[in-house]
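> Chains as they are written, first to last, in my numbering: chain L, 1 to 354; chain X, 1001 to 1354; chain G, 2001 to 2354; chain V, 3001 to 3354.
There are 4 protein chains.
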Amino acid sequence: MSFNSFGNLLKVTTYGESHGTAIGGIIDGFPAGLQVDFDAIQNELNRRKPGQSKIVTQRKEPDTVEFLSGIFEGKTTGTSIGFIIRNTNQKSNDYNHNTNVYRPSHADYTYDQKYGIRDYRGGGRSSARETANWVVAGALAKQLVASIKINAFTSSVGDIFIDKPYQELDFSKTEDNIVRCPDAKSAEKMISKIKEIRKAGDTIGGTITCVAQNMPVGLGEPIFNKLHAELGKAMLSINAVKGFEFGSGFCGAKMKGSEHNDIFNADGSTQSNLSGGIQGGISNGMDIYFRVAFKPVATIMSSQQTINSENEITEITGKGRHDPCVVPRAVPIIEAMTALVLADFWLINKIRKI
Amino acid sequence: MSFNSFGNLLKVTTYGESHGTAIGGIIDGFPAGLQVDFDAIQNELNRRKPGQSKIVTQRKEPDTVEFLSGIFEGKTTGTSIGFIIRNTNQKSNDYNHNTNVYRPSHADYTYDQKYGIRDYRGGGRSSARETANWVVAGALAKQLVASIKINAFTSSVGDIFIDKPYQELDFSKTEDNIVRCPDAKSAEKMISKIKEIRKAGDTIGGTITCVAQNMPVGLGEPIFNKLHAELGKAMLSINAVKGFEFGSGFCGAKMKGSEHNDIFNADGSTQSNLSGGIQGGISNGMDIYFRVAFKPVATIMSSQQTINSENEITEITGKGRHDPCVVPRAVPIIEAMTALVLADFWLINKIRKI
Amino acid sequence: MSFNSFGNLLKVTTYGESHGTAIGGIIDGFPAGLQVDFDAIQNELNRRKPGQSKIVTQRKEPDTVEFLSGIFEGKTTGTSIGFIIRNTNQKSNDYNHNTNVYRPSHADYTYDQKYGIRDYRGGGRSSARETANWVVAGALAKQLVASIKINAFTSSVGDIFIDKPYQELDFSKTEDNIVRCPDAKSAEKMISKIKEIRKAGDTIGGTITCVAQNMPVGLGEPIFNKLHAELGKAMLSINAVKGFEFGSGFCGAKMKGSEHNDIFNADGSTQSNLSGGIQGGISNGMDIYFRVAFKPVATIMSSQQTINSENEITEITGKGRHDPCVVPRAVPIIEAMTALVLADFWLINKIRKI
Amino acid sequence: MSFNSFGNLLKVTTYGESHGTAIGGIIDGFPAGLQVDFDAIQNELNRRKPGQSKIVTQRKEPDTVEFLSGIFEGKTTGTSIGFIIRNTNQKSNDYNHNTNVYRPSHADYTYDQKYGIRDYRGGGRSSARETANWVVAGALAKQLVASIKINAFTSSVGDIFIDKPYQELDFSKTEDNIVRCPDAKSAEKMISKIKEIRKAGDTIGGTITCVAQNMPVGLGEPIFNKLHAELGKAMLSINAVKGFEFGSGFCGAKMKGSEHNDIFNADGSTQSNLSGGIQGGISNGMDIYFRVAFKPVATIMSSQQTINSENEITEITGKGRHDPCVVPRAVPIIEAMTALVLADFWLINKIRKI
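#1: Which residues bound the beta strand (DSSP E) around glycine 3138 (chain V)?
#2: Which chain X residues sit within Cβ distance under 9 Å of leucine 3009 (chain V)?
#3: Could you check where the alpha helix (DSSP H) with serine 1186 (chain X) kicks off and where it finishes?
#4: Under 7 Å, CB to CB, which of the residues in the region 259-272 of chain L have a partner in chain X?
#5: In whole angstroms, what is the alpha-carbon distance linking phenylalanine 3250 (chain V) and glycine 2243 (chain G)?
#6: Can you confirm whether glutamine 113 (chain L), when its beta carbon is compared against all beta carbons of chain X, has any partner nearer than 9 Å?
#7: Tell me, which residues are paired with isoleucine 1288 (chain X) by DSSP?
#8: Between L:Thr299, L:Ser105, L:Ile194, which lies nearest to serine 1269 (chain X) when the distance is taken from Cα to Cα?
#9: Please tell me whether leucine 2068 (chain G) has its Cβ less than 9 Å away from any Cβ of chain C.
#10: Please say whether valine 2217 (chain G) and isoleucine 2282 (chain G) have beta carbons closer to each other than 9 Å?
#11: Return the Cβ separation of alanine 1141 (chain X) and alanine 1298 (chain X) in integer angstroms, given the expectation that the two are a contact with Cβ distance under 8 Å.
#12: Determine the contact status of leucine 2236 (chain G) and lysine 3226 (chain V), defining contact as a CB-CB distance below 9 Å.
#13: Just to confirm my understanding: we take proline 2357 (chain G), look at its own chain, exclude 5 residues before and 5 after, and list those with CB closer than 6 Å. What are they?
#14: Need the endpoints of the beta strand (DSSP E) that serine 156 (chain L) sits in, please.
#15: If you measure between the beta carbons of asparagine 3239 (chain V) and serine 3155 (chain V), is that distance less than 9 Å?
#16: Select from the region 29-41 of chain L all residues with a C-beta closer than 7 Å to any C-beta belonging to chain G, and list them in chain order.
#17: Report yes if the C-beta distance between isoleucine 1023 (chain X) and isoleucine 1081 (chain X) is below 9 Å; otherwise report no.
#18: What residues in the region 209-242 of chain L have a beta carbon less than 9 Å from any beta carbon of chain G?
#19: Nearest-angstrom Cα distance between proline 62 (chain L) and asparagine 133 (chain L)?
#20: Quick check on this structure: which residue in V:His3019, V:Ile3307, V:Gly3025, V:Gly3016 has the alpha carbon closest to the alpha carbon of leucine 3010 (chain V)?
#21: Cβ closer than 9 Å: which chain X residues qualify as neighbours of asparagine 100 (chain L)?
#22: If asparagine 100 (chain L) sits next to asparagine 308 (chain L), beta carbons under 8 Å apart, how far is it from one beta carbon to the other, in whole angstroms?
#23: Can you find a C-beta in chain G that's less than 9 Å from the C-beta of histidine 3019 (chain V)?
#24: Between the region 2046-2061 of chain G and the region 2028-2038 of chain G, do at least 3 Cβ pairs fall closer than 8 Å?
#25: If you draw a straight line from the C-alpha of glutamate 1259 (chain X) to the C-alpha of isoleucine 1300 (chain X), how long is it?
#26: Is there a Cβ of chain V sitting closer than 9 Å to that of arginine 125 (chain L), yes or no?
#27: Label phenylalanine 2294 (chain G) either buried or exposed according to how many other C-beta atoms from any shown protein chain fall within 10 Å of its C-beta, with 16 as the threshold for buried.
#28: So, under 8 Å CB-CB, glycine 1138 (chain X) and methionine 1001 (chain X) are touching, yes? Tell me the CB distance rounded to an integer number of Å.
#29: Assuming the contact rule is C-beta atoms closer than 8 Å, serine 3005 (chain V) and glycine 3124 (chain V) should be a hit. Round their C-beta distance to whole Å, please.
#30: Quick one: what's got a C-beta closer than 6 Å to valine 1012 (chain X)'s C-beta in the same chain, skipping five residues either side?
#31: Determine, for valine 1135 (chain X), whether the minimum Cβ-Cβ distance to residues of chain L falls below 9 Å.
#32: Among X:Val1145, X:Lys1149, X:Ile1071, which one has its Cα closest to the Cα of isoleucine 1348 (chain X)?
#33: So, helix, strand or coil for glutamine 2052 (chain G), using DSSP?
#34: Chain V partners of glycine 1078 (chain X), CB-CB under 8 Å?
#35: Taking only the alpha-carbon atoms, compute the straight-line gap between threonine 2207 (chain G) and phenylalanine 3153 (chain V) and give it to the nearest angstrom.
#36: Check the C-beta distance from lysine 3189 (chain V) over to isoleucine 3160 (chain V) and give it rounded, since I have them as a contact under 8 Å.
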């Protein structure tokens, strides 16, 4: 039982506080013999890192990953892969005012209650900085299941939604704009929205949609590790996530069976795909798609009432460097977690028949 | 790694096919010394069992659980608790027509592809009959965290929604009607809807809301086993579930931080509760609430095109006894899974401080 | 974390008290498609069961295993395999005198201290009756790795040892005598010894040697799940075991490197095999062999001083039906646990290279 | 499932190759609030590190551990504890001759067969350098169960044994000599023996005995995670170990029940302790003691025949810096692993009763 681990056969275990010495992790169960594309990994980290554009936090971290083991002459050896990302740009003084003040809708209060002690600098372990570890592991996992095409993108910011089904989008355009929305027109509106929100010292929520294409049949375990249950758990592990739906999702709950069933073609594919590529917890070869809801970032630049650890009422105003909308930077995180889930099940599936 | 297990310290492992000899499981990690209320367990099973009312399947199973170990003179002993539920009312002949035909939006095709073999009778392991095991384990877990009040209820059927916040509902009325909706007026409409759907040989989706009250602070592990991530995984494990949201959920994704933040009172409680009782993956003592989306049952009583294992196009019409709407019977399942998650974290939390 | 489970990918979880309703378990992770030889499983159970001969306990249990799931039309389906063995010949009254008396060198005292409650009938969960579950699981595992030849045998009883290396023994003769020693001359002496001991109301220890031949190369994980470490853990899980050694074992601790090293032949085999078929925790294709030490059974038929749960000094004399020497019945248990370990690593090894 | 992890609630996961950039690990599940004694940790590392005396390898590593997370202002915070030990004194050139030659009784051949690739420098992951990670984790675990007194010591080198029971030894003298034997007279003979062996370019085996005193009652889980089974697994994980016995061990296999049973005193202690402080897998409060057998180090300084990866016969002579006897440096490793096992069970035991 490890609560800083994710995955089963392919397992990543992590550590690190936002303003500690370093963050990092260990990837265990990775098969031997993969030629590692290090640039691809660093590229994913760069997509996630702060300071990339005007609509994300201006904190600058080089976020350079150093691999420490498990790779020899460029290839995985089958032994555990240790990696480390040094923290270099901590402005911990920005957080001194948080020493004993509980920021609203943050984890300060619950950590203190649970552990009786808390590294208050930048949220400590509760910071989304942790997700840089996940991006490293996910980028490696992606290389293991390279035939699967995983694409996430910003599907809404506040009340601005892409009004097209994903099949009409060109995923190669996702990186063309800073909000990571492949629909240029929607992207423009989203960016304006975020800029406006930031100017007001406020923050805004949004959703990300993720699509996995060219799926093999048979991934997922059918009872407690259903493919969508593991994807859901992975997504709900990401900071600020409040909801997960796949296939028809919440809309499916309003439908009739005669509308919702996906009729088979002779080759085993289906005419519709309200199932979202998963039946009985197992991939059926159709596209997997799901949607993830993010709440607005809790740190806002206006004053809010709160309490301190002595249960005294006080005021707090956000300092430090924060994202007005977490969604653009969460796109690579969602792809990474999806890759981890799929690679894990891909390994497991190799041993399900004699 | 066990894919028929759920939980960490409190772990339930299960087995059983819908039309096999029996289903059952093992509950491991249950502490010694609890006086077991067997009637309460059987009562939960009765809530879930088929044939209770006119809007659920008419299959009749006594669903009597027999405990085989781990309980001595009425008390848990700390050893593993084995239990068994015999299958008694299998009409397997109803399923002979399914031998090699893949029912649309069922798991027949994916099981065959994954394992190369499949117990086709009643869906085998993929049948929701498995959830009777979960209800047994959950009913026992409920007794471990008896101070927490867990209440689930039908919050929508098709497009009929309760139009009140849960705080205005009286949960003691949930069992007063066969659709398990504590709002009598909505219940009546839902029941009519289901009857109408059943008459048409069709099925309908719906949602269940679950509320956990009188919560202790500190449950949940903050990285990969966030309280809401485990709840989400638990819910997504239930047959026919397509989505999960907690607190503000998908609505939160449209909101601004200044609207969404829950302002603290001096005692650590919060004025609003858009967080849904969880901050940073850890319970904060406020009510936990979440919503689960169920698709319509895939087995409908009208003819549909499909394929068989030889990839030939054929026709299928639902036989057997099926639910026109799965939601009423899923209410106790959701409570059971919630109890399992909370009891597990309750145990874990005992060892987080020296 | 399950403390009634053994194995990783192939995992068995068990339950059951000696004088409860039943014992049983769940085998998870077993691949689909194996044609099960049920007779072979029952045969292993028969080897272990009580009442087979004059030198073992006269308790009579039919020990018939019933498979409840996971096998369809004679083949494994890849779903969890539940099984149950009903307890039928409990003479619990034999144990009434144990209600609150702690038998010396038994687990009565420690269970009571740990759990505050204890099923005192026949030792409850601490009884070696549990090992019938292991034999079922192991017998199935044997069929998965059928190419490996696993043979255990009694290598000593008290101070009577087989004085030949295992290579000179004919394992087909192990079942020819009731002590399960393939060397007829030694067997005779061992049987006389046990009869003499039983007549004196006493018990005697012994050792079992196990050999796995026709081993594939590559089984075992090299750090914390070394093949010999898992074998050692498996053996030390068996009731009454006090020691485990493999290859050169304790003798190896007296040797020099120049004597101990196994020199390679051109084909990768080695000239000697002091390594016991394992190098760096991984099988090298040579025979695996190890030796397991069993203490004498604690229940003796003469009077001993002891205490009760009120810490009062009292006397106890063994009643019930007990083995004068546990070793003959432990032979199939050791083979079963060996099969479980090897089958688990055999599955794992399938996914160690891309 | 992680094969580079040890423990259940208190879990350490490690990485690192002998001549890679660094080794390190993550300690998960450590409770919050412990004031860490960093000097005590470094002191344990110093006891294990190479180059301490004339009878161990002359490789010099500073072996300085850097903690990266999970500790704030000197106290554990309940989050995962990352640590790293940089490799600084790699003389990898010493190993160039091993590129494709398989050293006898090393893991070179089995790694290559299992993974198809191998970091040949210094044995890579199979090197005992890994155990430095274990010493770090164990030294921290020791602080969690500080009331238990854990003492390991060299009990034999080759055929030189201490001829006293452990009760007559003064453990405070273990560090008084370089062979770590608390009996000065035996120590002297052992040191001479090792010097003589080293001069001959050879190596020698030995045994270590470990004693845990002031034990709480109730540690250990009674079926598959018996206290002695976990200790055995831990010990068998250490490089070069060939055997494990506890309490009466292999001698117990020659005894009669009437001799072997430990008779209770009124306070629950026992008059003898052949059980080795464990009954039914659970500690009974008496001393735990066990003995571990180490084979001679496989790298010897004389020429041996071997093969290379092309299956050609060749010759090899040990280069590099190696231990003539591994036992003195293994003493702190055994204490560390014992501490890990005991601390893990100590945590688990907190939740076994309601």
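We treat Cβ as the ideally placed atom computed from N, Cα and C, and that holds for glycine. Please read all numbers here as calculations on a predicted model, not as lab measurements.
In terms of the structure at hand:
#1: Within the fourth sequence, the letter at position 138 stands for residue 3138 (chain V). DSSP places glycine 3138 (chain V) in no beta strand (DSSP E) but in the uninterrupted alpha helix (DSSP H) bounded by 3131-3144.
#2: Numbered from 1 along the fourth sequence, position 9 holds the residue referred to as residue 3009 (chain V). By Cβ distance, chain X contributes Leu1009, Ile1348, Ile1351.
#3: Taking the first residue of the second sequence as 1, we reach residue 1186 (chain X) at position 186. Start and end: 1184-1199.
#4: Answer in chain order: His260, Asn261, Asp262, Ile263, Phe264, Ala266, Asp267, Gly268.
#5: Here residue 3250 (chain V) is taken as the residue at index 250 of the fourth sequence, counted from 1. Here residue 2243 (chain G) is taken as the residue at index 243 of the third sequence, counted from 1. Straight through space, the alpha carbons of glycine 2243 (chain G) and phenylalanine 3250 (chain V) are spaced by roughly 6 Å.
#6: Here residue 113 (chain L) refers to the residue found at position 113 when the first sequence is read from its first residue. Yes, glutamine 113 (chain L) lies at the interface with chain X (some Cβ there is under 9 Å from its Cβ).
#7: To locate residue 1288 (chain X), count along the second sequence from 1; it is residue 288. Partner(s): X:Ala1212.
#8: Counting from one through the second sequence, the residue named residue 1269 (chain X) turns up at place 269. Ranking L:Thr299, L:Ser105, L:Ile194 by Cα distance to serine 1269 (chain X) puts L:Ser105 first.
#9: Judged by its chain identifiers, the structure shown contains no chain C, and its protein chains are L, X, G and V.
#10: Residue 2282 (chain G) sits at position 282 when you count from the first residue of the third sequence. Residue 2217 (chain G) sits at position 217 when you count from the first residue of the third sequence. Their beta carbons are under 9 Å apart, which means isoleucine 2282 (chain G) touches valine 2217 (chain G) by this criterion.
#11: Stepping through the second sequence from its first residue, residue 1141 (chain X) is reached at position 141. Stepping through the second sequence from its first residue, residue 1298 (chain X) is reached at position 298. A Cβ-Cβ distance of about 30 Å is found for the pair alanine 1141 (chain X) and alanine 1298 (chain X), leaving them out of contact under the 8 Å criterion.
#12: Counting from one through the third sequence, the residue named residue 2236 (chain G) turns up at place 236. Counting from one through the fourth sequence, the residue named residue 3226 (chain V) turns up at place 226. At a Cβ-Cβ threshold of 9 Å, leucine 2236 (chain G) and lysine 3226 (chain V) count as neighbours.
#13: Residue 2357 (chain G) lies beyond the stretch modelled for chain G, which goes from 2001 to 2354, so this question has no answer here.
#14: Mapped onto the first sequence, residue 156 (chain L) falls at position 156. Taken as a continuous stretch (DSSP letters only), the beta strand (DSSP E) holding serine 156 (chain L) covers 149-157.
#15: Walking along the fourth sequence from the start, residue 3239 (chain V) turns up at place 239. Walking along the fourth sequence from the start, residue 3155 (chain V) turns up at place 155. Taking 9 Å as the Cβ cut-off, asparagine 3239 (chain V) and serine 3155 (chain V) do not qualify as a contacting pair.
#16: So the close ones are Pro31, Ala32, Gly33, Leu34.
#17: One-based indexing of the second sequence puts residue 1023 (chain X) at position 23. One-based indexing of the second sequence puts residue 1081 (chain X) at position 81. No, the Cβ-Cβ distance between isoleucine 1023 (chain X) and isoleucine 1081 (chain X) is not below 9 Å.
#18: Taking 9 Å as the Cβ-Cβ cut-off, the region 209-242 of chain L approaches chain G at Pro222, Ile223, given in chain order.
#19: Position 62 of the first sequence, counted from the start, is the residue given in the question as residue 62 (chain L). Position 133 of the first sequence, counted from the start, is the residue given in the question as residue 133 (chain L). Rounded to the nearest angstrom, the gap between the Cα atoms of proline 62 (chain L) and asparagine 133 (chain L) is 14 Å.
#20: Numbered from its first residue, the fourth sequence carries residue 3010 (chain V) at position 10. Of V:His3019, V:Ile3307, V:Gly3025, V:Gly3016, the residue nearest in Cα terms is V:Gly3025.
#21: Numbered from 1 along the first sequence, position 100 holds the residue referred to as residue 100 (chain L). Ordered by position in chain X, no residue passes the 9 Å Cβ test against asparagine 100 (chain L), which lies about 13 Å from the chain.
#22: Locating residue 100 (chain L) in the first sequence gives position 100, where the first residue counts as 1. Locating residue 308 (chain L) in the first sequence gives position 308, where the first residue counts as 1. Going by Cβ atoms, the distance from asparagine 100 (chain L) to asparagine 308 (chain L) rounds to 5 Å, so yes, they are a contact pair.
#23: As a position in the fourth sequence, residue 3019 (chain V) is number 19, starting the count at 1. No, because no Cβ of chain G sits closer than 9 Å to the Cβ of histidine 3019 (chain V).
#24: Two segments are said to touch when three or more pairs of C-beta atoms, one from each, lie closer than 8 Å; by this definition the region 2046-2061 of chain G does not touch the region 2028-2038 of chain G.
#25: Here residue 1259 (chain X) corresponds to residue number 259 of the second sequence, with the count starting at 1. Here residue 1300 (chain X) corresponds to residue number 300 of the second sequence, with the count starting at 1. It is roughly 44 Å from the alpha-carbon of glutamate 1259 (chain X) to the alpha-carbon of isoleucine 1300 (chain X).
#26: The residue you call residue 125 (chain L) lines up with position 125 of the first sequence. Cβ-Cβ to chain V under 9 Å: yes for arginine 125 (chain L).
#27: Position 294 of the third sequence, counted from the first residue, corresponds to residue 2294 (chain G). With 16 or more other CB atoms across the displayed protein chains lying within 10 angstroms of its CB, phenylalanine 2294 (chain G) is buried.
#28: Position 138 of the second sequence holds residue 1138 (chain X). Position 1 of the second sequence holds residue 1001 (chain X). With a beta-carbon spacing of about 23 Å, glycine 1138 (chain X) and methionine 1001 (chain X) fall beyond the 8 Å limit used to define contacts.
#29: Indexing the fourth sequence from 1 puts residue 3005 (chain V) at position 5. Indexing the fourth sequence from 1 puts residue 3124 (chain V) at position 124. So it is not a contact: roughly 19 Å between Cβ atoms.
#30: The residue you call residue 1012 (chain X) lines up with position 12 of the second sequence. If we look at valine 1012 (chain X) and ignore the five residues flanking it on each side, its Cβ neighbours are Phe1006, Gly1025, Ile1027, Ala1137.
#31: On the second sequence, residue 1135 (chain X) is found 135 positions in, with the first residue counted as 1. With 9 Å as the cut-off, valine 1135 (chain X) does not count as an interface residue toward chain L.
#32: Residue mapping note: residue 1348 (chain X) aligns to position 348 of the second sequence, counting from 1. Ranking X:Val1145, X:Lys1149, X:Ile1071 by Cα distance to isoleucine 1348 (chain X) puts X:Val1145 first.
#33: For the purposes of this step, residue 2052 (chain G) is taken as residue 52 along the third sequence, with counting starting at 1. Residue state, collapsed to three classes: coil.
#34: In the second sequence, the residue the question calls residue 1078 (chain X) occupies position 78. Neighbours of glycine 1078 (chain X) on chain V, chain order: Arg3352, Lys3353.
#35: Walking along the third sequence from the start, residue 2207 (chain G) turns up at place 207. Walking along the fourth sequence from the start, residue 3153 (chain V) turns up at place 153. Using only the alpha carbons, I get a separation of about 27 Å.
#36: Here residue 3189 (chain V) corresponds to residue number 189 of the fourth sequence, with the count starting at 1. Here residue 3160 (chain V) corresponds to residue number 160 of the fourth sequence, with the count starting at 1. Contact between lysine 3189 (chain V) and isoleucine 3160 (chain V) holds: CB atoms are separated by about 5 Å, below the 8 Å threshold.
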